[in-house]
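>
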Amino acid sequence: MKEITHLTNLHTPCYYYNIELLRKTIGKVKAELVKYPGFQVHYAVKANANPVLLKLISRAGLGADCVSGNEVERAVECGFTPDRIVYAGVGKNDQEIKTALNADIFCFNSESLPEIQVIDEIAAASGKKARIALRVNPNINARTHHYITTGIEENKFGIYLYDLEQVIEESLRLPNIELIGLHFHIGSQITDMSVFRSLCLKVNEIQQKLKNRGIVFPHINFGGGLGIDYDHPYREPIADFENYFATFARFFEASPYQQVHFELGRSIVAHCGDMVSKVLYVKEGRNKKFVILDAGMNDLLRPALYQAFHKIENISSNKPEEKYDVVGPICESADCFGKDVTLNGTSRGDLFVIHSAGAYGETMASRYNLRDLPATYFSGPASESDS
Ligand code: LLP
């Protein structure tokens, strides 16, 4: 990076979004979707719910994947049409269910019979019919970080395969429920396409079993999960959408007229956002030097929570490289962005960029220690018209 001029006046810590890169990324997604007419992408709002980004994504024609009533409302406010909104979550409360029914969203992704029964009751009371896709736990290991693996039996997510036929049978009996599909999501930050291939083969098997019983759903939703290259944010800032969609086109045997849905989050927004932070102090121990930033784990939680790697750069310095532990100001040992990071010689006031923080950065920020939430800035001319 090392282009510093446009960043010097920012209030730090902040998220800095590269709108041009976001446009290019969405352009690539759309170019791939043109190849596969039955495929649709619902952007996973949980990855980044900033209205500027959401408006851009909705205008590009993608749908939204929400996980709370507030996300459904935000998505509608930011221009996503309800017929492209899906709503997932392992436990939706009554008010959230009402919100989604009133908005007339395309589909609930539901994970348990008790929840489906409640949706049925609430739909009856509001004189509506709820479209539902059953989230199935296919027992496939995404081989990603333990905390972001969701599709194996030890996880709380989804209907287990041994329960599926019974849940389908009972749901079909509910008068205010229309079962329209199956939903899967096996984890996040998956870069090995063979994992998605295994998912396709498993879904083929499940579909075949159901077909033998005369059940074919018009919609299959594969969730999200496509990973990005955190090690090299400059080398390939756009995720491998080509290979991703091609894997599903090749290995998933869709039934005639079946629509195939995806819920991509990270791969759309991660690289377009950086965290910019200022060095408060450099503290020298006997064997170590610490860079203490003005950003903390409350601003960007991923390194503390998942030991996630984000590339860190000192964009103010050209001094000879040294090794530092890069930490935040919060009284927690986990408040560390990187250990033994090689950086140009660092002093108080230098600006740091923590790369690829556009996904699960701003949305996971908190006010822990009563700190202010990080500021947000947008590069390029899009920011004025899109804000
Ligand atoms: N659909 C469902 C049902 C999900 O649970 C998720 C993410 C997605 C779609 C979007 O997945 P993506 O395309 O972004 O991988 N906070 C963690 C990631 C948690 C992901 C939770 N579910 C992190 O910072 O790595």
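As numbered in the working numbering, residues 12 to 398 make up the sequence shown, in order. Ideal placement from N, C-alpha and C gives every residue a C-beta, glycine not left out. From a predicted model like this one, the values you see are computed outputs, not experimental measurements.
(1) How about residue 235: is its Cβ closer than 8 Å to a heavy atom in the ligand LLP?
(2) For residue 135, name the three-state secondary structure that DSSP assigns.
(3) Note the first and the last residue of the continuous alpha helix (DSSP H) segment covering residue 301.
(4) Quickly, what does DSSP pair residue 332 with across the bridge? List them, please.
(5) Only counting the same chain, and skipping five residues up and downstream in sequence, which positions put a Cβ closer than 6 Å to that of residue 233?
(6) Going by Cα to Cα distance, which pick from 357, 315, 276, 217 is closest to residue 370?
(7) Among the residues of its own chain, which have a CB less than 7 Å from the CB of residue 253, if the five just before and after it don't count?
(8) What's the gap between the Cα of residue 335 and the Cα of residue 241?
(9) List the DSSP bridge partners of residue 407.
(10) With H, G and I counted as helix, E and B as strand and the rest as coil, what does DSSP make of residue 390?
(11) Taking 7 Å as the limit between beta carbons, can you name the residues of its chain near residue 64, skipping five residues before and five after?
(12) What's the gap between the Cα of residue 393 and the Cα of residue 350?
(13) Based on the DSSP secondary-structure assignment, which residues constitute the bridge partners of residue 76?
(14) Mind checking whether the beta-carbon of residue 276 lies closer than 8 Å to any heavy atom of the ligand MG?
(15) Can you give me the C-alpha to C-alpha distance between residue 384 and residue 199, rounded to a whole angstrom?
(16) Quick check on the burial criterion: 16 or more other C-beta atoms within 10 angstroms. Buried or exposed for residue 378?
(17) Please classify residue 150: does DSSP put it in a helix, a strand, or coil?
(18) Between the Cα of residue 256 and the Cα atoms of 197, 328, 39, 178, which residue gives the shortest distance?
(19) Which value, in whole angstroms, describes the spacing of the CA atoms of residue 121 and residue 310?
(20) Any idea if residue 138 is buried or exposed, counting beta-carbon neighbours within 10 angstroms, 16 or more meaning buried?
(21) According to DSSP, simplified to helix, strand and coil, what is residue 142?
(22) For the stretch 142-156 against the stretch 170-184, do three or more pairs of beta-carbon atoms, one drawn from each stretch, fall closer than 8 Å, so that the two count as touching?
(23) Report the rounded CA-to-CA distance for residue 352 versus residue 365, giving the unit in angstroms.
(24) Work out the CA separation of residue 340 and residue 19 for me, nearest whole Å.
(25) Give the secondary structure of residue 324 by DSSP, where H, G and I count as helix, E and B as strand, and everything else as coil.
(26) Quick check: does the Cβ of residue 20 come within less than 8 Å of any heavy atom belonging to the ligand LLP?
(27) Please list, in chain order, all residues of the same chain as residue 191 whose beta carbon is under 8 Å from its beta carbon, the five residues on each side excluded.
(28) Taking the C-alpha atoms as reference points, what is the distance between residue 278 and residue 98?
(29) Do residue 107 and residue 83 count as a contact pair if the criterion is CB distance below 9 Å?
(30) Could you tell me the alpha carbon to alpha carbon distance between residue 22 and residue 103, rounded to whole angstroms?
(31) Have a look at residue 324 and residue 116 and give me their C-alpha separation to the nearest angstrom.
(32) In chain order, which beta strand (DSSP E) runs of at least 3 residues are fully inside the stretch 363-387?
(33) Sort 287, 346, 337 by Cα distance to residue 373 and report the nearest one.
(34) By the 10 Å Cβ neighbour count, where 16 or more other Cβ atoms means buried, how is residue 69 classified, buried or exposed?
(35) Using a Cβ-Cβ cut-off of 8 Å (strictly less than) and excluding sequence neighbours within five positions of residue 46, which residues of its own chain qualify?
(36) Whole angstroms are fine: how far does the CA of residue 300 sit from the CA of residue 346?
On the basis of the coordinates in this document:
(1) yes
(2) helix
(3) Per DSSP, residue 301 belongs to no alpha helix (DSSP H); it is in the beta strand (DSSP E), 300-304.
(4) DSSP lists 355 as partners of residue 332.
(5) The residues are 195, 273.
(6) 276
(7) Taken in chain order, the residues that qualify are 43.
(8) 19 Å
(9) Outside the modelled stretch of the chain, which goes from 12 to 398, sits residue 407, for which no answer is possible.
(10) coil
(11) 28, 33, 280
(12) The predicted model places residue 393 with a pLDDT of 48, which falls under 50 and marks its position as unreliable; any figure quoted below should be read in that light. Answer to the nearest angstrom: the Cα atoms are 36 Å apart.
(13) Answer by DSSP bridge pairing, in chain order: 55, 97.
(14) In terms of ligand content, the structure shown lacks the ligand MG and carries the ligand LLP instead.
(15) 25 Å
(16) exposed
(17) The answer is coil: DSSP assigns residue 150 none of H, G, I, E or B.
(18) Nearest C-alpha to residue 256: 39.
(19) 31 Å
(20) exposed
(21) Residue 142 sits in a strand when the DSSP states are folded into three classes.
(22) yes
(23) 12 Å
(24) A straight-line Cα-Cα distance of about 21 Å links residue 19 and residue 340.
(25) strand
(26) no
(27) 118, 142, 143, 144, 228, 229, 230
(28) 19 Å
(29) yes
(30) 37 Å
(31) If you take the alpha carbons of residue 324 and residue 116, they lie about 42 Å apart.
(32) none
(33) 287
(34) buried
(35) The beta carbon of residue 46 sits closer than 8 Å to those of 256, 260, all from its chain and outside the five residues before and after it, given in chain order.
(36) 15 Å
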